[in-house]
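Asks:
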Amino acid sequence: MAAEKLFKQDFSELTRKKAKLKAIIVAGATIWLFLMACVIYLFIFKTKSAIPFIAILTAIPITFLPAIKSLIDINKEIKLRNQN
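In my numbering, the protein residues as written are -13 to 70.
(1) How many Å lie between Ala45 and Ile37 at the Cα?
(2) Cutting at 7 Å between CB atoms, please list the residues of its own chain near Ser56, excluding the five before and the five after it.
(3) Within a Cβ cutoff of 6 Å, which residues of the same chain sit near Leu28, ignoring the five residues on either side of it in sequence?
(4) Could you check what DSSP says for Phe50 in three-state terms: helix, strand or coil?
(5) Buried or exposed: Glu(-1), going by 16 or more other Cβ atoms within 10 Å of its Cβ?
(6) For Ile26 and Ile11, I'd like the C-alpha separation in whole angstroms.
(7) Can you round the beta-carbon distance between Leu21 and Leu51 to whole angstroms, since I take them to be within the 8 Å contact cut?
(8) Give the C-beta separation of Asn61 and Lys4 to the nearest angstrom, bearing in mind that I take them to be a contact with Cβ-Cβ under 8 Å.
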């Protein structure tokens, strides 16, 4: 279903979606790394206050899996169109 939708879109729409997804993933990874550094700091200096954040930090990368999958699909579609 998703591949069919990608097939119907223009090349410019695909490149815009690709750029948007890349920006979202990079921003999310940056925020995640910042939060990871904060949790490490809390864990070192205030041991008990960092424990609830560990579960949150493990869930954040999982929430970006659909965006990464979409980016992979868009890259495949762009590659297919460039070959033809």
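We treat Cβ as the ideally placed atom computed from N, Cα and C, and that holds for glycine.
Replies: Straight from the coordinates:
(1) If you take the alpha carbons of Ala45 and Ile37, they lie about 14 Å apart.
(2) Leu7
(3) Ser35, Ala36
(4) coil
(5) exposed
(6) 22 Å
(7) The beta-carbon separation of Leu21 and Leu51, rounded to 18 Å, does not stay under the 8 Å limit for a contact.
(8) 7 Å
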